[in-house]
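A.B. asks: Heads up, the sequence shown is in the working numbering, so the first residue is 331 and it goes up one at a time.
Pasting in a structure now, in structure tokens, and then I'll have a few things to ask.
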Amino acid sequence: QVQLVESGGGLVQAGGSLTLSCAASGRTFNTYRMAWYRQAPGEERVLVAAFSWNGGSTDYADSVKGRFTISRDNAKNTLYLQMNSLKPEDTAIYYCNLLKTDIPGNYWGQGTQVTVSS
331 QVQLVESGGG
341 LVQAGGSLTL
351 SCAASGRTFN
361 TYRMAWYRQA
371 PGEERVLVAA
381 FSWNGGSTDY
391 ADSVKGRFTI
401 SRDNAKNTLY
411 LQMNSLKPED
421 TAIYYCNLLK
431 TDIPGNYWGQ
441 GTQVTVSS
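Laid out in structure tokens, this is it:
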């Protein structure tokens with residue numbers, strides 16, 4: 331099993347910054363991707379940013395390109411999301427996701443609330 335624990339959410343004014351963390355523990359070997367998703371009230375969960383273990387490539391939703399940066403710390407087994415120039419439309423619950431080649435291979439954290447006030 332894999333455990334994912336997010337932290338770093340909170341209330342921030344528009345234009346501000348937050349950094350989310352996702353600490354992974356347990357049987358994390360064979361991981362090939364970690365990502366951040368978000369879900370706003372009444373909307374579907376959508377991909378925000380992804381980090382591929384092989385080669386370290388990253389991918390971002392168009393809505394956050396140039397404002398958010400995804401990164402990882404191998405030593406701490408932790409994924410980060412640096413969020414700058416936050417907008418009210420960034421308000422959502424942010425979830426950490428881990429994908430492995432094993433079965434089951436799809437894990438989610440409990441989510442952390444990000445609220446951006448105008």
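Glycine residues also receive a C-beta, built at the ideal position from the N, C-alpha and C atoms.
No experiment lies behind these values; they were computed from the predicted model shown.
#1: For GLY340 and SER401, I'd like the C-alpha separation in whole angstroms.
#2: Express the C-alpha separation of ASP432 and ALA344 in angstroms, rounding to a whole number.
#3: Which class does GLU419 belong to by DSSP, given the choice of helix, strand or coil?
#4: Decide if VAL376 is buried, meaning its Cβ has at least 16 other Cβ atoms within 10 Å, or exposed.
#5: DSSP three-state call for LYS430: helix, strand or coil?
#6: Do the stretch 403-422 and the stretch 343-363 meet, that is, are 3 or more Cβ pairs less than 8 Å apart?
#7: Residues in the same chain with beta-carbon distance under 8 Å from THR358, minus the five sequence neighbours each way, listed in chain order, please.
#8: Rounded to the nearest angstrom, how far is the Cβ of VAL394 from that of TYR424, given a contact under 8 Å?
#9: Since TRP383 is in the beta strand (DSSP E), which residue starts that stretch and which ends it?
#10: Which same chain residues end up closer than 6 Å to ARG397 when comparing Cβ atoms and leaving out the 5 residues on each side of it in sequence?
C.D. replies: Put simply:
#1: Looking up residue 340 in the sequence shown gives position 10. Looking up residue 401 in the sequence shown gives position 71. If I take the Cα positions, the gap works out to 20 Å.
#2: As a first step, residue 344 is located in the sequence shown; it is residue number 14 there, counting from the start. As a first step, residue 432 is located in the sequence shown; it is residue number 102 there, counting from the start. Going by the C-alpha atoms only, they are around 40 Å apart.
#3: The count along the sequence shown starts at 1 and reaches residue 419 at position 89. Correct three-state label for GLU419: helix.
#4: Residue numbering aside, residue 376 sits at position 46 when the sequence shown is read from its first letter. VAL376 comes out exposed.
#5: As a working mapping, residue 430 is identified with position 100 in the sequence shown. Correct three-state label for LYS430: strand.
#6: yes
#7: Position 28 of the sequence shown, counted from the first residue, corresponds to residue 358. Excluding residues up to 5 positions away in sequence, VAL332, ASN407, LEU428 and LYS430 lie with their Cβ nearer than 8 Å to the Cβ of THR358 in the same chain.
#8: Working through the sequence shown from its first residue, we reach residue 394 at position 64. Working through the sequence shown from its first residue, we reach residue 424 at position 94. That belief does not hold up - the Cβ atoms of VAL394 and TYR424 are roughly 11 Å apart, past 8 Å.
#9: Reading the sequence shown from its first residue, position 53 is the one you call residue 383. No beta strand (DSSP E) holds TRP383; DSSP gives it neither H nor E.
#10: As a first step, residue 397 is located in the sequence shown; it is residue number 67 there, counting from the start. The answer, listed in chain order, is ASN414 and SER415.
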